[in-house]
Each structure stands twice: as structure tokens, then as C-alpha cells.
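Undergrad:
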Amino acid sequence: VSRDLSIFSSTPKSYNQWLSSYNGWNNVWVYTGTDTGSVIPLGRTTESQSGQDETIARIFPNGGGYFIDMAANAPVYISNTKYLEQNHNWNGLCVEPNSFHWYGLANRRCKVVAAFIADEEDSKIEVVFERPGVQDDSGGTTVGGIVNNDIQDNVNAPVELRKTRYSTTFPSVLKKFDVPKTIDYFSLDVEGAEYIVMSKFPFDQYRINVMTVERPTPALVQLLLNNEYLYVGDHGIYRDEMWVHKSFSEEVDKIFPRDEMPTFPGDYLWRTGRHAEEIQ
Numbered sequence: 001v002s003r004d005l006s007i008f009s010s011t012p013k014s015y016n017q018w019l020s021s022y023n024g025w026n027n028v029w030v031y032t033g034t035d036t037g038s039v040i041p042l043g044r045t046t047e048s049q050s051g052q053d054e055t056i057a058r059i060f061p062n063g064g065g066y067f068i069d070m071a072a073n074a075p076v077y078i079s080n081t082k083y084l085e086q087n088h089n090w091n092g093l094c095v096e097p098n099s100f101h102w103y104g105l106a107n108r109r110c111k112v113v114a115a116f117i118a119d120e121e122d123s124k125i126e127v128v129f130e131r132p133g134v135q136d137d138s139g140g141t142t143v144g145g146i147v148n149n150d151i152q153d154n155v156n157a158p159v160e161l162r163k164t165r166y167s168t169t170f171p172s173v174l175k176k177f178d179v180p181k182t183i184d185y186f187s188l189d190v191e192g193a194e195y196i197v198m199s200k201f202p203f204d205q206y207r208i209n210v211m212t213v214e215r216p217t218p219a220l221v222q223l224l225l226n227n228e229y230l231y232v233g234d235h236g237i238y239r240d241e242m243w244v245h246k247s248f249s250e251e252v253d254k255i256f257p258r259d260e261m262p263t264f265p266g267d268y269l270w271r272t273g274r275h276a277e278e279i280q
């Protein structure tokens with residue numbers, strides 16, 4: 001299986017032609033063999049950290065939805081979207097700027113977008129791909145992200161671990177990869193940079209039906225509320241919050257009535273918690 005990690009389909013005839021059309025994106029072809037290997041083991045019904053994939057599968061019982069997974073991280077382990085892709089015919093974007101994960105993600109059906117999403121286009125940024133003494137959920141040290149004064153963990157990263165990269169923005173990615181105007185599920189966990197990512201999201205052009213976001217800041221909470229998103233509840237012990245667009249809330253209520261407290265992995269709380277007063 002060979003995967004193109006960009007959307008270029010042909011090679012320009014000359015270097016000058018390529019250079020004149022170059023807009024910051026380039027392709028990497030990855031040969032992973034004919035055995036994809038990136039498969040959820042038999043008997044498992046979920047791979048996500050707190051059952052997010054099971055919840056989304058119940059909200060969309062017919063399958064075939066479109067997702068954005070940012071940052072996608074490992075291809076299977078604690079993935080919020082692999083189960084949807086493998087068992088419910090979903091497809092979408094896996095946004096992951098850390099090259100450590102690219103080979104595994106190349107086994108996935110999703111388009112792999114190897115980019116840092118920020119609030120400025122083509123801006124030089126400092127990033128870290130690991131933090132000493134900090135393990136990710138698979139036992140590695142690949143926890144990192146954008147270095148920013150508002151992201152305490154990363155701003156304290158040693159200088160020798162910092163790398164220079166260039167950022168793009170959410171609107172550019174949406175346009176580049178022909179993302180549909182309705183995104184059924186958005187999984188957002190970028191180690192403290194969630195507001196930076198969402199600050200340029202074109203809410204007037206695209207709608208997200210359901211999203212889970214890890215520990216949103218007050219600024220991000222206000223941004224979501226201002227754009228007609230409703231807080232559903234805390235999904236699991238890691239403070240992943242579930243939000244739905246106002247226009248889609250009745251569909252969610254059909255599956256999980258507001259007056260019921262369903263039992264989900266990670267002690268799912270339905271329309272309760274820190275923002276409950278916002279949706280009364």
C-alpha cells in the first residue's frame with residue numbers, strides 16, 4: 001500500500017514550474033506493504049481513551065460520517081476515530097505534525113495532514129515534539145506541540161528540544177483538502193493550543209455537528225458559545241468536553257435523552273458539569 005500524504009497528483013515538468021506553483025505543501029509517498037497492520041484487535045469495540053468513538057457511533061448509527069482528528073497521534077491506540085473508520089465506514093482528515101506517527105497513520109484510510117494549525121498563515125513558530133520526563137499514553141515521550149506563552153508545559157521546554165516549523169491555518173486546510181461544509185465529528189486535542197487552532201475557524205462557512213475537545217480554555221468556551229455550540233458534558237476523567245451545534249442538538253437528544261444519565265466508559269456526564277448553566 002502506498003500513501004500520498006498530500007493531494008498533489010502529478011509532478012511539474014521542470015523545477016522552475018514546480019517552484020512557481022509551490023504553495024507550501026509537498027508530498028511524501030509511504031510504502032507500508034500490502035498488510036495494513038493498523039487494525040483494531042478482534043473483540044475490541046473501542047480504542048479511544050474514554051469511549052468517545054462509541055458515543056459518536058451511537059449518535060450516527062448509519063455510519064459513513066466525516067471526521068477531523070487533530071492531533072491524530074498514534075494510528076490505533078487511544079485513537080478517537082480509528083474505530084469509526086474501520087467499523088462504521090467513516091472517513092476524514094488525520095492532522096498530525098509529528099513525523100513519529102506518520103508511518104503508522106499511512107496505514108489509515110484518512111488523509112494525513114502533516115501540519116501545525118495556528119492563527120497565522122506561513123508563520124515561523126517554535127514547536128517541541130517531546131518533553132523530558134513526560135510520557136504519552138503509549139509510554140513514549142512524543143507529547144509536545146506549539147511553544148506559546150499561554151501553553152505552560154511547552155513554554156518551559158528546554159531550548160535544545162525546540163524546533164522551527166511553519167504554521168498554516170484551519171481555513172487553508174479546509175479548502176486545500178475539500179472538507180465538506182458539514183463536519184460530523186471533530187476530535188480536538190492539541191496539548192493546550194486548542195484556542196489558537198479554533199480562533200480562525202470559519203464558523204460562518206462550516207458546521208461541526210459534534211466535537212470533543214480536551215480542557216478548553218475560557219476563551220475557547222466563549223468562542224463556541226458565541227457560534228451556537230452547546231456544551232453537552234464531560235466525557236471521561238481527562239476533561240474531554242463534548243459540544244454539539246445547536247442545529248444538531250435534537251438529533252443527539254433522540255439518542256441520549258436529557259433526563260437520562262447513560263453509562264459510558266469514563267463516567268460520561270450528560271449535560272452536567274462546569275458549563276451546565278450556559279445551556280439552561
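Mapping the sequence shown onto UniProt numbering, position 98 (from 1) lands on 98, and the numbers just tick up by one. We treat Cβ as the ideally placed atom computed from N, Cα and C, and that holds for glycine.
(1) With three or more C-beta pairs closer than 8 Å as the rule, is the region 48–62 touching the region 16–23?
(2) Pull up the distance between the alpha-carbon of Q222 and that of T182, whole angstroms please.
(3) Is DSSP giving G25 helix, strand or coil here?
(4) Indicate the three-state DSSP secondary structure (helix, strand or coil) for residue 282 in the structure shown.
(5) Rounded to the nearest angstrom, what separates D119 and N98 at their Cα positions?
(6) Is the Cβ-Cβ distance between V113 and V95 less than 8 Å?
(7) Would you say L93 and K111 are within 8 Å of each other, going by their C-beta atoms?
(8) Roughly how many angstroms lie between the CA atoms of Y15 and D122, to the nearest whole one?
(9) Compute the beta-carbon to beta-carbon distance between K254 and E228, rounded to the nearest angstrom, for a pair I have assumed lies under 8 Å.
(10) Do P75 and L105 count as a contact pair if the criterion is CB distance below 8 Å?
(11) Identify, in the order they occur along the chain, each residue of the same chain with its Cβ nearer than 7 Å to the Cβ of R109, setting aside the five sequence neighbours on each side.
(12) Per DSSP, what kind of secondary structure is H101 in: helix, strand or coil?
(13) Taking the C-alpha atoms as reference points, what is the distance between I237 and Q17?
(14) Check each candidate in D178, I208 and V159 and name the one with the smallest Cα separation from L188.
(15) Count the other CB atoms, across all protein chains shown, that sit within 10 Å of the CB of D35; report buried if there are 16 or more and exposed otherwise.
(16) On a Cα-Cα basis, can you pick out the residue from G33, F248, V30 and M198 that is closest to F116?
(17) Would you decide whether P180 is buried or exposed? Buried here means 16 or more other CB atoms lie within 10 Å of its CB.
(18) Compute the distance between the beta-carbons of F67 and T81, then report whether it is under 8 Å.
TA: In brief:
(1) no
(2) On the sequence shown, residue 222 is found 222 positions in, with the first residue counted as 1. On the sequence shown, residue 182 is found 182 positions in, with the first residue counted as 1. Their Cα atoms are separated by approximately 21 Å.
(3) Taking the first residue of the sequence shown as 1, we reach residue 25 at position 25. Checking the displayed sequence, the identity of residue 25 turns out to be Trp instead of Gly. In the structure shown, W25 sits in coil (DSSP, three-state: anything other than H, G, I, E or B).
(4) Summary: the structure shown does not reach residue 282, with the chain confined to residues 1 through 280, and so no result is reported for it.
(5) Residue mapping note: residue 119 aligns to position 119 of the sequence shown, counting from 1. Residue mapping note: residue 98 aligns to position 98 of the sequence shown, counting from 1. Near 19 Å, if we compare the C-alpha coordinates of N98 and D119.
(6) For the purposes of this step, residue 113 is taken as residue 113 along the sequence shown, with counting starting at 1. For the purposes of this step, residue 95 is taken as residue 95 along the sequence shown, with counting starting at 1. It is a contact, given that the beta carbons lie within the stated cut-off.
(7) Locating residue 93 in the sequence shown gives position 93, counting from the first residue. Locating residue 111 in the sequence shown gives position 111, counting from the first residue. Cβ distance < 8 Å, so L93 and K111 count as in contact.
(8) Here residue 15 refers to the residue found at position 15 when the sequence shown is read from its first residue. Here residue 122 refers to the residue found at position 122 when the sequence shown is read from its first residue. Y15 and D122: Cα-Cα distance of roughly 22 Å.
(9) Here the question's residue 254 lines up with position 254 in the sequence shown. Here the question's residue 228 lines up with position 228 in the sequence shown. Not really, about 19 Å apart at Cβ, beyond 8 Å.
(10) The residue you call residue 105 lines up with position 105 of the sequence shown. The residue you call residue 75 lines up with position 75 of the sequence shown. In contact: L105 and P75 (Cβ atoms closer than 8 Å).
(11) Counted from its first residue, the sequence shown places residue 109 at position 109. Cβ within range, chain order: E85 and N91.
(12) Here the question's residue 101 lines up with position 101 in the sequence shown. Helix at H101.
(13) In the sequence shown, counting from the first residue as 1, residue 237 sits at position 237. In the sequence shown, counting from the first residue as 1, residue 17 sits at position 17. Looking at the two C-alpha atoms, the distance is approximately 52 Å.
(14) Numbered from its first residue, the sequence shown carries residue 188 at position 188. Looking at the Cα atoms, I208 is the closest of the given residues.
(15) Taking the sequence shown and counting its residues from 1, one reaches residue 35 at position 35. D35 comes out exposed.
(16) Looking up residue 116 in the sequence shown gives position 116. Comparing Cα positions, the closest option is M198.
(17) For this step, residue 180 is matched to residue 180 along the sequence shown. Burial call: exposed.
(18) Here residue 67 is taken as the residue at index 67 of the sequence shown, counted from 1. Here residue 81 is taken as the residue at index 81 of the sequence shown, counted from 1. Against a cut-off of 8 Å, the Cβ pair of T81 and F67 comes out as a contact.
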